[in-house]
Ligand code: HEM
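In my numbering, the protein residues as written are 142 to 630.
#1: Short check: CB of residue 419 to CB of residue 374, under 7 Å?
#2: Would the C-beta of residue 468 count as close to the ligand HEM, meaning under 6 Å from any of its heavy atoms?
#3: Taking 6 Å as the line, does the beta carbon of residue 153 fall inside it for any heavy atom of the ligand HEM?
#4: Whole angstroms is fine: what's the gap from residue 522's alpha carbon to residue 206's?
#5: What is the rounded straight-line gap between the Cα of residue 188 and the Cα of residue 498?
#6: Could you check where the alpha helix (DSSP H) with residue 409 kicks off and where it finishes?
#7: Going by the C-beta, is residue 571 closer than 6 Å to any heavy atom of the ligand HEM?
#8: Buried or exposed: residue 301, going by 16 or more other Cβ atoms within 10 Å of its Cβ?
#9: In terms of DSSP beta bridges, what is residue 515 paired with?
#10: Taking the Cβ atom as the reference point for each residue, do residue 473 and residue 460 lie within a distance shorter than 7 Å?
#11: Go ahead and pull the three-state DSSP assignment for residue 432.
#12: Would residue 618 pass as a contact of residue 569 if the rule is Cβ separation under 7 Å?
#13: Taking the CB atoms as reference points, tell me whether residue 408 and residue 425 lie closer together than 7 Å.
#14: Suppose the cutoff is 7 Å on Cβ atoms and the five residues either side in sequence are ignored; what does the same chain contact list for residue 625 look like?
#15: Run the proximity test for residue 428: is its beta-carbon closer than 6 Å to any non-hydrogen atom belonging to the ligand HEM?
#16: State the DSSP-derived secondary structure class of residue 321, mapped to helix, strand or coil.
#17: Helix, strand or coil for residue 587 per DSSP?
#18: Does the Cβ of residue 602 have 16 or more other Cβ atoms within 10 Å, making it buried, or fewer, making it exposed?
#19: Hey, out of 332, 331, 317, whose CA is closest to residue 125's CA?
#20: Can you name, in chain order, every residue of its own chain whose Cβ lies under 6 Å from the Cβ of residue 245, other than the five neighbours on each side?
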């Protein structure tokens, strides 16, 4: 009897110690669901389910919550003030971009590099490339306009017929990013270029937040079939890029603007440390995967919104025609933007309303930080919920509606909003936001000033619900492009 009693006493003491330890360890941590240790929530194996999972937790726990994925904890922070507080604390490291995990390019290894250093250098190369293109305004504009003319030609060829614009819009965007990264226009009637784009899209759309590397090893994040398809895509992309890298090394042709590969090679020639070939290719792939999909998504949202709200489309066209003289073969240029605040307001409202990158790209907490009344421990992954800022009643009237007037004052001038963060905030902010703004403005103005985009009769009110994921796309839709010059006759 005595033995049983001491046994019970021992077990009770252990339980009390464990409960106290658990309680102390979790004190001050954000609330979240209980999940199995080491396994976490399997919903995260699918990006779409993952976004719904985050939304559910947000409605249950509010702007700040924490959950487990495998052996890692993830904290999500929403609300403008919370996001600003987190970013001020400077204890964050950019967590590898999600596509790095999927591409598995080990660019970093070398005696003098470590992972964080290489990411930093690749990011510097990316910023320098963007700066070069922004300095040479006319070349960048000429590149975008070349793609606009292709788009216009394609729409004219399909005039008065229902078409999905996704393919032609994505060709245009891939070509702009291709000019920036590898200095080449991709000829999409060549099967190799088409396959290159398909493979990059496969990589972008099937990437996850990179949890698999730190998550549960024994629960597959992507199915084996999908995984082998992805590996094939990665191999193809690398094989497509390798000869281009070699050409850059041997070519003596001086370009107007050095592309990303040139910037990396110039760095290697200047500095003692070398970014190896895999590193350069990783940077190129990163730029394609970070840059193309949000730009395509937003352009598709803009055209969808114009089709859904024909009166607004008419107003945009009218505003452009009042301010800019466009003769037959001329285009609206970036220089016209100051005269067109309403157009900018429409584009910005499309960015706010559609939230193409709702959670930005993840961070890792390098030493404990505070947010609100909570602490976020070292080692957590951190997601910043930018979408929450765009949907906050404190900053926006009727945030669930699409209202370009959110961005104009009573005189029609453009208003700056602190809570408008389509390109993120802090050290991971999109370094290409000025280029992206130019692309959106030039493509948008030059398509709607030449075409009336109408919804097909069988679907007069196309849905505004999104295809959820790391990048939010509109659901697939069709438009009928009517050339305005035909309508005038
Ligand atoms: C409308 C189009 C675009 C949108 C909405 C967008 C949005 C974003 C956002 C939200 C982030 C993450 C910011 C954060 O987490 O704080 C980001 C990062 C980034 N974006 Fe963009 N972006 C766009 C276009 C582009 C383009 C055209 C390029 C390049 C050609 C580009 C390259 C990058 C890069 C390199 C990063 C950093 C990725 C990293 O830290 O791993 N983006 N962008």
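Even glycine gets a Cβ: it sits at the ideal position worked out from N, Cα and C.
Looking at the coordinates:
#1: Numbered from 1 along the chain shown, position 278 holds the residue referred to as residue 419. Numbered from 1 along the chain shown, position 233 holds the residue referred to as residue 374. No, they are not a contact pair.
#2: Counting from one through the chain shown, the residue named residue 468 turns up at place 327. Checking the Cβ of residue 468 against the ligand HEM gives no.
#3: As a working note, residue 153 is residue 12 in the chain shown. Answer for residue 153: no, Cβ out of range of the ligand HEM.
#4: Against the chain shown, residue 522 aligns to sequence position 381. Against the chain shown, residue 206 aligns to sequence position 65. In a straight line, the C-alpha of residue 522 is about 12 Å away from that of residue 206.
#5: Taking the first residue of the chain shown as position 1, residue 188 is located at position 47. Taking the first residue of the chain shown as position 1, residue 498 is located at position 357. Cα-Cα distance, rounded: 13 Å.
#6: Here residue 409 is taken as the residue at index 268 of the chain shown, counted from 1. Counting along the chain, the alpha helix (DSSP H) containing residue 409 begins and ends at 401-411.
#7: Counted from its first residue, the chain shown places residue 571 at position 430. It does: the Cβ of residue 571 is within 6 Å (strictly closer) of some heavy atom of the ligand HEM.
#8: Stepping through the chain shown from its first residue, residue 301 is reached at position 160. So residue 301 ends up on the exposed side.
#9: Along the chain shown, read from residue 1 onward, the residue named residue 515 stands at position 374. In DSSP, residue 515 forms a bridge with 512.
#10: Position 332 of the chain shown holds residue 473. Position 319 of the chain shown holds residue 460. Not closer than 7 Å, so no.
#11: Position 291 of the chain shown, counted from the first residue, corresponds to residue 432. Residue state, collapsed to three classes: helix.
#12: Reading the chain shown from its first residue, position 477 is the one you call residue 618. Reading the chain shown from its first residue, position 428 is the one you call residue 569. In this structure, residue 569 does not lie closer than 7 Å to residue 618 by Cβ.
#13: Translated into positions along the chain shown, residue 408 becomes position 267. Translated into positions along the chain shown, residue 425 becomes position 284. No. Outside cutoff.
#14: Taking the first residue of the chain shown as position 1, residue 625 is located at position 484. Here the set comprises 591, 592, 593.
#15: In the chain shown, the residue the question calls residue 428 occupies position 287. It does: the Cβ of residue 428 is within 6 Å (strictly closer) of some heavy atom of the ligand HEM.
#16: Indexing the chain shown from 1 puts residue 321 at position 180. Correct three-state label for residue 321: helix.
#17: Translated into positions along the chain shown, residue 587 becomes position 446. Residue 587: helix per DSSP, three-state reduction.
#18: Within the chain shown, the letter at position 461 stands for residue 602. Exposed, because fewer than 16 other Cβ atoms sit within 10 Å of the Cβ of residue 602.
#19: Past the boundaries of the shown model lies residue 125; the chain is included only from 142 to 630, so the question cannot be answered.
#20: Your numbering for residue 245 matches position 104 in the chain shown. At residue 245 the pLDDT is 45, less than 50, meaning the model places this residue with poor confidence; the figure from the coordinates comes in the next sentence. Here the set comprises nothing.
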